[in-house]
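Student: Numbering (this note's numbering), first residue to last: 74 to 270.
This is the structure:
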């Protein structure tokens, strides 16, 4: 069936949309354990970018799983499919000329590499929220770690499922960084990449 698909080449390009927006599009991918601060920092960064007149959108794990990826479980295969769908969605949004902030545990290195390959030649910025499991358990706003330890949840990353930490993330945020410090670190890294060239 795929041999009968012929993508249409539309006249307005991503570059045209970037010019209209006044900045380049890029993907900022937050990865880390549940409770590491991904959504909190992504939210604060979006507010900073919005104040700078940068057009943004956030793709967040729980929000996406309730809709686009509804029905996927937390097996390794389903996690990969979740990330694949998000990568394709992010790619479409990048073509619209916006900055995409994606906040996903995304525990597997191969899946994060897939995202980067999918969105090229766009810019991929990997932000590793390096927060210890101990701190994540203390935060545990959703109660996931307690449920996992009681055996009520299977495949919770960090407890009974693996997390492959990035070896060369573009930006590393630790539990010692305040939200304001994290936003400042990320903004400093991406500021030049947002500029039209």
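For each residue, glycine too, the CB sits at the ideal point set by N, CA and C.
How about the region 101–110 and the region 145–153: do they share at least three Cβ pairs that are nearer than 8 Å?
Tutor: Taking 8 Å as the limit for Cβ pairs, the verdict is that the region 145–153 does not touch the region 101–110.
Student: For residue 135, report the span of its alpha helix (DSSP H) as first-last.
Tutor: To locate residue 135, count along the chain shown from 1; it is residue 62. It spans 134–138 - the alpha helix (DSSP H) in which residue 135 sits, taken as one unbroken run.
Student: Roughly how many angstroms separate the alpha carbons of residue 255 and residue 163, rounded to a whole number?
Tutor: Residue mapping note: residue 255 aligns to position 182 of the chain shown, counting from 1. Residue mapping note: residue 163 aligns to position 90 of the chain shown, counting from 1. Computed Cα separation, rounded: 23 Å.
Student: Mapping the DSSP letters down to three states, classify residue 151 as helix, strand or coil.
Tutor: Along the chain shown, one-based indexing puts residue 151 at 78. Correct three-state label for residue 151: helix.
Student: Threshold first: 4 residues or longer. Then list the alpha helix (DSSP H) segments lying entirely within the region 151–205, N to C.
Tutor: Entirely contained in the region 151–205, the alpha helix (DSSP H) runs reaching 4 residues are, in chain order, 182–192.
Student: For residue 141, name the three-state secondary structure that DSSP assigns.
Tutor: Against the chain shown, residue 141 aligns to sequence position 68. Coil at residue 141, not helix or strand.
Student: Is the CB-CB distance between residue 200 and residue 259 below 8 Å?
Tutor: Locating residue 200 in the chain shown gives position 127, counting from the first residue. Locating residue 259 in the chain shown gives position 186, counting from the first residue. Contact: yes.
Student: Going straight from the alpha carbon of residue 266 to that of residue 222, what length do you get?
Tutor: Numbered from its first residue, the chain shown carries residue 266 at position 193. Numbered from its first residue, the chain shown carries residue 222 at position 149. Cα-Cα distance, rounded: 42 Å.
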